[in-house]
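These notes are about the structure you will find just below.
Number of protein chains: 2
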Amino acid sequence: MTLSEENYLKAIYHLGRDAKGAISTNAIAEVMATKASSVTDMIKKLADKGLVKYKRYQGANLTEDGRLYAISVIRKHRLWELFLVEKLNFSWDEVHDVAEQLEHVKSDKLIEELDAFLDFPSVDPHGDPIPDKDGNIQASAKVLLATLKTGEKGVCVGVKNSSRAFLQYLDRLEVSLGKELTVLGKEPFDNSIAIRVGDTAIHISSLAANNLYVKKL
Amino acid sequence: MTLSEENYLKAIYHLGRDAKGAISTNAIAEVMATKASSVTDMIKKLADKGLVKYKRYQGANLTEDGRLYAISVIRKHRLWELFLVEKLNFSWDEVHDVAEQLEHVKSDKLIEELDAFLDFPSVDPHGDPIPDKDGNIQASAKVLLATLKTGEKGVCVGVKNSSRAFLQYLDRLEVSLGKELTVLGKEPFDNSIAIRVGDTAIHISSLAANNLYVKKL
DNA sequence: AGTTAATTTTAGACAGAGCTAAAAATTTAT
DNA sequence: ATAAATTTTTAGCTCTGTCTAAAATTAACT
Ligand SMILES: [Mn+2]
Ligand SMILES: [Mn+2]
Ligand SMILES: [Mn+2]
Ligand SMILES: [Mn+2]
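Heads up: the sequence lines are chains A and B, in that order.
With UniProt numbering applied, the first sequence covers 1 to 217.
With UniProt numbering applied, the second sequence covers 1 to 217.
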């Protein structure tokens, strides 16, 4: 499997998490920052290898083999991200690009030993679950902050969007995973949400609240 | 810089350590396990980038830029090898292939933090020096075991050949870096060398003795 | 339904890295 | 000093993964 094939599998997997039916060529092209024609070529190749199901003009879906392969790459990505934060002093907004490279290193021993070195962690620095060796993913009961009602409390457990801009914004707000917060109310004017984190009360935009996962308390 | 270009630079650097003048196309093809015609193409590309000096039919040499780039890749290789042994329970004969992949990951922060995480080590698991951030390489006073005379003592500090076969052979002989040994004598018949390591006396072939570095005591 | 718009696929090219076979240059032998 | 052998380069192909432009198909609108 080439680096490129692995990235396509990951992209199709992630798109499949949201969307219901088949994944469109255009959607894949969008997230891969490439052209639809290139996607068509690659999808055919992956279909030949039995990793995706594909019918002309009807989009693609991962086969079970493809799904497992995608998950194995995601496992590596998230373990490396955690390694970078835990052991090498990276911050959560610096790890993604490096993990994009490290996830393609081929060595079973490497990844299993890394897993052990990190003490078999269950989530990465962004709160995303780390699949186990066999591809099982621990589901967690997280909801978007935006869904909490006034007065409800939650603890931050993850981000939906892990762009540097959002992560650094959260840093400036001093919102980090593990922190408890309480919803004080919603502003009808712009749908922003007033929350209390520790001692301080802050306003968080609707967009931000729709990208921050919390576990209800 | 592509993965392939980095590998060529490393190969030319290592060949230059031994050989005196320019490095021949054939020699590079040999160590890269490729064909001379492919080497010619790549050398031209590297020459265009100012990383090697090249005159048709006259072989190649690294420029100062090329030398520094090669050393930076070797630095990464050796730091990763040490990481694998020290932190992830790899043995010294398992690390090379994985390090060949990891050495191409691009991130200055990654490698500097890895260096710090390992406590700024000076040698890799095979006794090879780890270049510092600026490309300086600590020279050490090692000599081949084969050069020791009867009665001389030394401590193992490195291997010249780090093939798995040789490393595993040393493991079976219970010869590892840091061990002290004494030369008991040479066998005229096959040039093998009798040595004492710890309590036990063993015979080591001439070939092996020409691939094991010791520091004289 | 019929036309227009959008999506998807095909056809043809290209850059990177490699190969084989043939030509050119250099080295070695007679 | 020639001829033979070896090394190196060139020419032409192949394989990935990408692109553009054009054709085919599907979706959206009167
Ligand atoms: Mn990531
Ligand atoms: Mn992540
Ligand atoms: Mn190595
Ligand atoms: Mn080494």
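Where a beta carbon is used, it is the ideal one built from N, C-alpha and C, also for glycine.
message: Quick test of the definition: if touching needs 3 or more C-beta pairs under 8 Å, does the stretch 67-85 of chain B touch the stretch 95-103 of chain B?
response: yes
field: Local Cβ density within 10 Å of ASP124/B, reported as buried at 16 or more and exposed below that
entry: buried
- prompt: Taking 6 Å as the line, does the beta carbon of HIS96/B fall inside it for any heavy atom of ligand 3?
  reply: yes
message: Can you pull the chain A neighbours of VAL105/B, defined as C-beta to C-beta under 9 Å?
response: VAL98, GLN101, LEU102 and VAL105
message: Buried or exposed for ASN211/B, going by 16 or more other Cβ atoms inside 10 Å?
response: buried
Chain B within 7 Å of LEU88/A, Cβ atoms only: yes
Burial state of TYR57/A (16 or more Cβ within 10 Å): exposed
- prompt: Using DSSP with H/G/I as helix, E/B as strand and the rest coil, what is TYR169/A?
  reply: helix
field: Test: GLU113/A CB closer than 7 Å to a CB of chain B
entry: yes
message: Is PHE117/A close to chain B? Criterion is C-beta to C-beta, closer than 7 Å.
response: yes
task: Could you say which of HIS96/B, LEU88/B and LEU51/B lies nearest to LEU114/A if we only look at CA atoms?
output: LEU88/B
task: Could you check which residue in LEU46/A, LYS20/A and LEU15/A has the C-alpha nearest to that of MET32/A?
output: LEU15/A
field: Under 8 Å from the C-beta of LEU82/A: neighbouring residues of chain B
entry: Residues of chain B passing the Cβ test: none, with the nearest at roughly 14 Å.
task: Just the C-alpha distance for ILE23/A and PRO129/B, rounded to the nearest angstrom, thanks.
output: 51 Å
- prompt: Which residue's Cα is closest to the Cα of LEU184/B: VAL159/B, ASP171/B and ASP199/B?
  reply: ASP199/B
query: THR150/B and LYS186/B look like a contact to me (Cβ under 8 Å); what is the Cβ gap, rounded to whole Å?
result: 7 Å
message: What residue range does the beta strand (DSSP E) around ARG196/A cover?
response: 193-197
field: Limits of the alpha helix (DSSP H) - the one that HIS77/A falls within
entry: 64-88
- request: Consult DSSP for LEU9/A and reduce its assignment to one of helix, strand or coil.
  value: helix
- request: Report yes if the C-beta distance between LEU62/B and ILE137/B is below 7 Å; otherwise report no.
  value: no
message: Can you tell me whether PHE83/B is buried or exposed? The criterion is at least 16 other CB atoms within 10 Å of its CB, across all chains shown.
response: buried
query: Do you know offhand how far GLY21/A's Cα is from VAL143/A's?
result: 23 Å
message: Quick check on LEU110/B - is its C-beta less than 7 Å from some C-beta in chain A?
response: yes
message: Counting C-beta neighbours from all protein chains within 10 Å, is the total for LEU46/B 16 or more, i.e. buried, or is it exposed?
response: buried
query: Would ARG172/B be called buried (16 or more neighbouring beta carbons within 10 Å of its own) or exposed?
result: exposed
query: So does ALA11/B have its beta carbon nearer than 6 Å to some heavy atom of ligand 3?
result: no
message: Please list the terminal residues of the continuous alpha helix (DSSP H) segment that includes VAL95/A.
response: 95-102
Beta-carbon proximity list for LEU110/A, same chain, < 6 Å, skipping 5 on both sides: none
field: Contacting residues, own chain, Cβ-Cβ under 7 Å from ASP65/A (five flanking each side not counted)
entry: GLY50 and LEU51
- prompt: Does ligand 2 have even one heavy atom less than 6 Å from the beta-carbon of GLU187/A?
  reply: no
task: Kindly list the residues whose CB is nearer than 8 Å to the CB of ASP190/B, restricted to its own chain and excluding five residues on each side of it in sequence; keep chain order.
output: SER205 and SER206
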